[in-house]
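Beneath this line is the structure, given in structure tokens, with notes to follow.
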Amino acid sequence: MSVKLNLKKDELIAIAEEMGLTVPDRAKVVDLKALIESSDVYKNDIEFVRNLIDNILEEKRERLDGFEKEKLEKSEREKRECVLELEKIRLAQFEKQLEIANATRDLANTSQATEIGEPGSLNDNLESLIKSVKTLTIPVPVRSESFNLFFHSLEKAFQNKSVPNELKAEILLNILGEKVNNLLAYVSQEDLCDYEKIKQLVLKEFEPTPQECLSNFKKAQRLPSETYVQFASRLCASFDYYCQLRKVTDFISLCDLIVSDKIFETLDRELMTHIAVKQGESFFKPQQLGRECDVYLSSRGRSTKELINRNAVGEVKRVVGNKWPTSNWRADKNISKIFVSETKNINCVLCKRASHSLSTCSQFRRLSVWDRAEVVKRNNLCFRCFSPHKLNECRSVKNCFCLKPHHRMIHFPRENSGNPASNLKLDAPAFVPKQSEETAEANSQSQFVATGIEKGKPKNVLLSTIRALVKNKFSQWVEVRCLLDVGSQSCLCTKACAERLQLKMEKVNTVVSCVNDASMIVKNCVKTSVANRDKSFERELLMLVVDKITDFIPNKVINVDVDVSEFVSLADHSFNIPDKIDMLLGAEIFYELLRPGQIYAQNSQLLLQNTVFGYVVSGSVDQVAEDRVHCGLILDDDLNKTLKQFWEIESVDVECTGNTEASLCEDHFVRTHKRNKDGRYVVSMALSRDPSCLGNSKDRAVRQLNSLWRRLSRDSEYLSLYTDFLREYEDLGHLERVVESSEPPT
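No gaps in the numbering here: position 718 of the sequence shown is 706 in the numbering used here, and each next residue is one more.
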């Protein structure tokens, strides 16, 4: 059956080259079709040609789809960033005008005080000098890439105001403020008076990578309030700082850097990552960079033609079922396009402070659910995100844990009409944990939550929960909610959390049991790293994967206010709000997390214990008790011990009724088996049929290998590099040469 070659000229050329055919320079479409149809591959292996055509058309379609999607996303992202940049520029302009007015007023007051001769005029002059220098300097940057521009403008202000050298360090510290408090905590008193040392410390702390500097330089745009002279000065300072990071000192090195950056932009994501890791802080010269790229592509069995338009299309993704697979690689992109910016403060509508939002306000948290809802209604706020807009205009996708469109802090709990836990009796001979509906049906799994009613004690006992950072499949840190349980021998992870992190699941065979010998079989486990917020503590753990660890903890909103200092960092700020548990950290790691320090909360029975994640809150709360009690006794056992009884069952002698194939296998084993020097038995492969039934699949592999050699033979240097690469693999034992006694069929 023939294949219709209704393709374009470039597609026919690509097919002919992959088939190893020589394409004339000015061949037309008709000539290309005739060339392909007259080839031996087209006549003898039509399936190979059909697959080749499908692959080429699929790659072209994917490139076009990816280019259109990338173009649309880029346009929307640029619109949002332009609006944000415009608002920040307006805010910065207003603050500059206010600072100029204050500086003018202070300067006039200082001049009057100097003429009158009032005491303390020297300090007033220093304060006015600091304000005037700050007015001529851009604001302290939020982004690390703008610190070089900040120092550039600061030194110009020093020159215009003729600031003495002994006052530069003091002025710099006043302008930076709390930005460098932690950085200067261990600096000596002498170094605090040295402007150059403080400058080097700040630049070293906030110094961006060379690639970030180049990206910000290319994305820079002129601000509406900025003249072209100012814009040119800012670009010159940014590019000069980039050259300093690349250690470019002469014109020849600058030319090599420009050409290397141009080549680097044309690489695909995989090759770009390989080159970036290999070159480090320095850069490869153009010829060296091209050689590294070609050697890498040849080692992967790819050609440079596969990289055409990769820069415009981005990373090509496979379309599965007409859906784009979800991926988190966009989180690594640097989406900032602003050189100088400041964070806009959000005022709390309840306490009128600008240091926090309404959801984190301590006064708002102390209110009841009804009072919180009244505050939101009175201020015309969104019920989902507490922002000043209507609910139908909200762009947030986060809903309450009840899946309704409102914030979880204004969730009204339902009245419990009847709980199955009420069937439990305290005087029962055994305490049997509650089973879920799926457990009751399958009779194979048990929940890890033991339920019951505690009479006569109207209290809620808070369990210790934390917010931890966990690595996902792409080595990115994702925040999850964990339960600390010293009564568990194993660490657990929910299946939903493992799928969200895209962790690789490994097969295990383990029995997990809890109270009253209720048990279930766990068949999967994952391995990941757990760390705190500042990465000072990191530990790799092996966790068993279960469908569910426990219900929401706590099961209802608990109105409690922990009155502690603002310097005490809680491990879970929403410990009193119901939320799901993603992981359980057991006794394997529990005592490694503890740190010295306990705090007893005032006017309550709550205890704050210090850990590597911060202070965890535990203890009892005097209010309506929960109708469920968590019991954290979890044991794991090897299933092989349980199955040992099957190995010890008395065997029954059964007469073997062998067939022809079984007899042939026994004879083959007796004739060909042997024992090597390691004590292992070796036997040759048994074939039920003659090897000729395998067909000529080897011919296709040989034909593809010959096509690769023809492509490499066009350049002797690349052929030599690829040959050396294969020889090195053979020396290392990664591949082995096959010697045939006869020439294979062609």
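We put the beta carbon where it would ideally sit given N, CA and C, even for glycine.
Per DSSP, reduced to three states, the secondary structure at A208 is coil, with no helix or strand assignment. Linking R234 to E87 through their CA atoms gives a straight-line distance of about 37 Å. Its Cα nearest to that of L696, the residue M7 stands out among S651, A208 and M7. The alpha-carbon of R78 is positioned some 14 Å away from that of E69.
The Cβ atoms of C479 and G574 lie closer than 8 Å to each other.
Distance from N387 to A456 at the Cβ level is roughly 24 Å; contact not present, criterion being Cβ atoms closer than 8 Å. In the DSSP assignment, L530 is bridged to K515.
Annotation: L369 to L245 spans about 53 Å, alpha carbon to alpha carbon. In this structure, S606 lies away from L471, with their beta-carbon atoms at least 8 Å apart. Each of V496, E178, K492 and D238 was checked against the Cα of S517, and the nearest Cα belongs to K492.
Three or more pairs of CB atoms, one per stretch, sit closer than 8 Å, so the region 552 to 572 contacts the region 528 to 544.
Contact between V534 and T482 holds, with the beta-carbon distance rounding to 6 Å and staying under 8 Å.
Classified as buried, L581 has 16 or more neighbouring CB atoms from the shown chains inside 10 Å of its CB.
In this model, E56 and K67 are separated by some 17 Å (Cα to Cα). CA-to-CA, the gap between S608 and N547 works out to about 12 Å.
With respect to the 8 Å criterion, K119 and A91 are classified as neighbours on the basis of their beta carbons. Under the Cβ criterion (8 Å, minimum of three pairs), the region 200 to 212 counts as touching the region 228 to 242. Going by C-alpha positions, F272 is about 10 Å away from A264. Between the region 280 to 289 and the region 701 to 711 there are three or more C-beta pairs closer than 8 Å, enough to call the two in contact. Secondary structure at C390: coil, using DSSP grouped into helix, strand and coil.
Under the criterion of beta carbons closer than 8 Å, I251 and P274 qualify as touching, at roughly 6 Å. Straight through space, the alpha carbons of E487 and I509 are spaced by roughly 19 Å. Around the Cβ of Q188, a 10 Å sphere holds fewer than 16 other Cβ atoms; the residue is exposed.
Distance from the CA of V545 to the CA of R354, rounded to the nearest whole angstrom, comes to 11 Å.
Between N367 and V337, the C-beta spacing is below 8 Å. When DSSP reads this structure, Y603 sits in a beta bridge with L558 and N598.
Counting along the chain, R279 sits inside the alpha helix (DSSP H) bounded by residues P274 to S287.
The C-alpha of K340 lies about 22 Å from the C-alpha of K76. In the DSSP assignment, no residue is bridged to L40.
The beta-carbon distance between V(-9) and I1, rounded to whole angstroms, is 17 Å. This is too long to meet the 8 Å contact definition. In the three-state reduction of the DSSP assignment, G585 falls in the strand class, which pools E and B. Between V247 and I454 a beta carbon distance of about 51 Å is seen, past the 8 Å cut, so the two are scored as non-contacting. Counting of Cβ neighbours within 10 angstroms places N448 among the buried residues, the total reaching 16 or more. Beta-bridge partners of W465 (DSSP): K459. In the DSSP secondary-structure assignment, D567 is bridged to I541.
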